[in-house]
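The block underneath contains the structure these notes are about, expressed in structure tokens.
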Amino acid sequence: NINYFKRLPKIEIKNVSITLDKNVYNIVQGNTFDEFIEIKLPYIEEGYIQKRKFVRIPIKQHKHSLKYKDWTRKDAIILNQYGVTFIYEKETPPKRKVENSIGIDIGYKKLLTTSSNNYYGIEMQRIYEKLSRQKQGSKNFKQTLVERDKLINQFCNELNGNENFDELVVENLKNVKHKSKINRKFMNKLQRWTYPKVINKLERLSEEEGFQLTKIDPAYTSQRCSKCGSIDKKSRKGEVYQCSCGLEIDADF
Numbered sequence: 001n002i003n004y005f006k007r008l009p010k011i012e013i014k015n016v017s018i019t020l021d022k023n024v025y026n027i028v029q030g031n032t033f034d035e036f037i038e039i040k041l042p043y044i045e046e047g048y049i050q051k052r053k054f055v056r057i058p059i060k061q062h063k064h065s066l067k068y069k070d071w072t073r074k075d076a077i078i079l080n081q082y083g084v085t086f087i088y089e090k091e092t093p094p095k096r097k098v099e100n101s102i103g104i105d106i107g108y109k110k111l112l113t114t115s116s117n118n119y120y121g122i123e124m125q126r127i128y129e130k131l132s133r134q135k136q137g138s139k140n141f142k143q144t145l146v147e148r149d150k151l152i153n154q155f156c157n158e159l160n161g162n163e164n165f166d167e168l169v170v171e172n173l174k175n176v177k178h179k180s181k182i183n184r185k186f187m188n189k190l191q192r193w194t195y196p197k198v199i200n201k202l203e204r205l206s207e208e209e210g211f212q213l214t215k216i217d218p219a220y221t222s223q224r225c226s227k228c229g230s231i232d233k234k235s236r237k238g239e240v241y242q243c244s245c246g247l248e249i250d251a252d253f
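Here it is as structure tokens:
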């Protein structure tokens, strides 16, 4: 007999995920691990008896998952080749009354610079230069992108934890790359720039924490008060910024 199946090429399955609801799995407490996902398999016949088998997936909590310990965990889970995804939700807090605003600049050498002259992410330039030397799409390139995204989350969390504000003001630079005439070498660096990633992270923090995230036209950043938020072109006088609310600072901030 000829086995035609031996001639078939090996099929490699990638990027496959499946969503399971509570009808086919349970969460049980463990000893070695914090929890186990117990997945119910179809009944099988052993002689005249139908038996059900289970597959157990161990779960170990870590600092990132513990962030959501007070959130509500949804019934559905997602399985893929990388692991298990839980879905959490909580009520969106009301937006804070704005009494204290700070401005931030998202930059290349320093990821975040605040109007109070604090810096977060001076290490990011090393990541950009590392990316510029790597082949796009390579394994090392993808690993560095993961490292970059982790650092962005870390520095945005540090900003949120260390600064006292109800409103965060940032320049809206969505189309900066398309409007700028710069040399090819710097354009290559700019493509690795992190503006969209930072904005996405700050938007999530704004929803979770309740602070206001305000994006303004870059044309008005030198005229906007970082304390009260008002815009007045008469406030900037040379290298000094003076606002009617009483704030007087170096105009560069």
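Counting from 1, one number per residue, gives the positions in the sequence shown under the UniProt record's numbering.
In this text, a Cβ means the ideal position worked out from N, Cα and C, and glycines have one as well.
Contact between Ile77 and Leu41 does not hold, since their C-beta atoms are separated by about 16 angstroms, which reaches or exceeds 8 angstroms. In this structure Glu207 does not touch Asp166 by the C-beta definition: roughly 15 angstroms separates them, more than the 8 angstroms allowed. DSSP places Tyr128 within a helical segment (H, G or I) once states are collapsed to three. One thing to note: Met124 has its Cβ within 8 angstroms of the Cβ of Leu151. Contact between Lys110 and Tyr119 is confirmed by a C-beta separation of about 5 angstroms, below the 8 angstroms threshold. Here the alpha carbons of Asp75 and Asp34 stand approximately 18 angstroms from one another.
Pro58 is bridged by DSSP to Phe36. Ranked by Cα distance from Glu163, the first of Ser17, Ile39, Leu112 and Ile216 is Leu112. In chain order, Thr113 place their CB closer than 7 angstroms to the CB of Gly107, counting only its own chain and leaving out the 5 sequence neighbours on each side. Annotation: Arg73 to Tyr82 spans about 20 angstroms, alpha carbon to alpha carbon. Pairing Arg56 with Phe86 gives a Cβ-Cβ distance that is not under 8 angstroms.
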